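**Student:** Sharing a structure here in structure tokens format.
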Amino acid sequence: MTLQVRALVFDVFGTVVDWYGSIVAEVARTGLPVDGPAFALAWRAGYEPAMQEVRSGALPWTSVDGLHRRILDRLLAERGVTLPQAAAEDLNRIWHRLAPWPDSVAGLARLKTRYPVATLSNGNLSLLVAMARHAGLPWDAVLSAELFGHYKPDREVYLGAARLLDLAPQQLLMVAAHPGDLRAAKACGLRTAFVPRPLEFGPGAAMEPWNEGEFDLVARDIGELA
22 MTLQVRALVF DVFGTVVDWY GSIVAEVART GLPVDGPAFA LAWRAGYEPA MQEVRSGALP
82 WTSVDGLHRR ILDRLLAERG VTLPQAAAED LNRIWHRLAP WPDSVAGLAR LKTRYPVATL
142 SNGNLSLLVA MARHAGLPWD AVLSAELFGH YKPDREVYLG AARLLDLAPQ QLLMVAAHPG
202 DLRAAKACGL RTAFVPRPLE FGPGAAMEPW NEGEFDLVAR DIGELA
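Using my numbering, count along the sequence shown one by one with no gaps and you end on 247.
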């Protein structure tokens, strides 16, 4: 298969970094009196509904940092946990300090020798920059849904990324561990690469279903994609 690809953009949460393992480790490190795995899953579960509140107009535009903090405050209150303001803010910033998957940094570095590599994440710009510095992610550019005033899977995000990179949609390869993200990108004309992360939601969790042949490329990790 020949793909006329001139740049790659990556989903980040779950695809490039391990949010579940990082949050579980943070709960253990800080001694937060909650069940770490359940807390991580509940925090992430609030993410899509929170973005939908923005899409529907129930919330004005709110960054992912802001959405994460709203979810965190609710989860702590439900569990009867009270934290000082500074501690709650630091906990919320765990999303800035997520650990990369073992293949991510080296795989991105290999890809970067031939193609521009960039984020295409719902995470806000400051979050993505801090994460890249923490994890050593060698991005050529940091593209955030925040730049377009929309959250994925809104088409404005995918087409906006192609526009900012001065490319036709079919010249841009979207890489993600989430079939829904890739389907939305494909509907906008982007090429697609699926990198499954079976441990994204913890050991034994079910993965989002996908069909053989629906994406241009499938690779077991970013190293194999490179």
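All C-beta atoms, glycine included, are put in the ideal place defined by N, C-alpha and C. Source: prediction; values computed, not measured.
#1: Taking the alpha-carbon positions, what's the valine 47 to arginine 91 distance?
#2: What three-state label does DSSP hand arginine 27 in the structure shown?
#3: Are three or more beta carbon pairs between the stretch 134-154 and the stretch 164-174 nearer than 8 Å?
#4: Under 8 Å, with one C-beta from each stretch per pair, do the stretch 239-246 and the stretch 201-218 reach the 3-pair mark?
#5: What number of angstroms, rounded off, separates the C-alpha of leucine 246 from the C-alpha of valine 85?
#6: Is valine 163 near leucine 149, with beta carbons less than 7 Å apart?
#7: Assuming methionine 72 and leucine 141 make a contact with CB atoms under 8 Å, what is their CB distance in whole Å?
#8: Flag this pair as touching only if the stretch 48-60 and the stretch 92-111 have three or more C-beta atom pairs under 8 Å; answer yes or no.
#9: Measure how close the beta-carbons of alanine 156 and leucine 112 come, nearest whole angstrom, since I'm counting them as under 8 Å.
#10: Leaving aside the five residues before and after aspartate 202 along the sequence, list all residues of the same chain whose C-beta is less than 8 Å from its C-beta, in chain order.
#11: Terminal residues of the continuous beta strand (DSSP E) containing leucine 141?
#12: Confirm, please, whether the CB-CB distance from aspartate 161 to alanine 139 is below 7 Å.
#13: Under 7 Å, do alanine 151 and histidine 117 count as touching if we go by C-beta distance?
#14: Output needed for tyrosine 179: all residues of its chain with C-beta closer than 6 Å, excluding positions within five of it in sequence on either side, in chain order.
#15: Return helix, strand or coil for alanine 79, following the three-state DSSP convention.
#16: Here's a check: name, in chain order, each residue in its chain whose Cβ is nearer than 8 Å to the Cβ of glutamine 191, leaving out the five neighbours to either side.
#17: According to DSSP, is leucine 212 part of a helix, a strand, or is it coil?
#18: Give the secondary structure of valine 33 by DSSP, where H, G and I count as helix, E and B as strand, and everything else as coil.
#19: Quick check on valine 196: does DSSP put it in helix, strand or coil?
#20: Along the chain, where does the beta strand (DSSP E) containing leucine 168 start, and where does it finish?
#21: Using CA coordinates, which residue listed in Ala153, Tyr136, Phe60, Ala98 is at the minimum distance from proline 121?
#22: Among Arg204, Pro224, Ser77, which residue has its Cα nearest to the Cα of proline 230?
#23: Please classify glutamate 69 as buried or exposed, where buried requires at least 16 neighbouring CB atoms within 10 angstroms.
#24: Going by DSSP in three states, valine 163 sits in which element: helix, strand or coil?
**Tutor:** Concretely, from the data shown:
#1: Rather than valine, the amino acid found at residue 47 in this sequence is glutamate. Cα-Cα distance, rounded: 19 Å.
#2: Here arginine 27 sits in coil by DSSP.
#3: When C-beta atoms of the stretch 134-154 are compared with those of the stretch 164-174, three or more pairs fall below 8 Å, so the two segments count as touching.
#4: yes
#5: Between leucine 246 and valine 85, the C-alpha separation is close to 28 Å.
#6: yes
#7: Cβ atoms of methionine 72 and leucine 141 stay farther apart than 8 Å, at about 15 Å.
#8: yes
#9: No, alanine 156 and leucine 112 are not in contact; Cβ-Cβ is about 18 Å, not under 8 Å.
#10: Cβ neighbours of aspartate 202 beyond the five flanking positions: Asp32, Lys173, Pro174, Met195.
#11: 138-142 is the extent of the beta strand (DSSP E) around leucine 141.
#12: yes
#13: Yes, Cβ-Cβ distance for alanine 151 and histidine 117 is below 7 Å.
#14: Ala206, Cys209, Leu211
#15: coil
#16: Gln25, Gly210, Leu211, Arg212
#17: According to the sequence shown, residue 212 is arginine rather than leucine. When DSSP states are grouped into helix, strand and coil, arginine 212 belongs to the strand group.
#18: coil
#19: strand
#20: Careful: leucine 168 lies outside any beta strand (DSSP E) and carries neither H nor E.
#21: Ala153
#22: Nearest to proline 230 by C-alpha distance, out of Arg204, Pro224, Ser77, is Arg204.
#23: exposed
#24: strand
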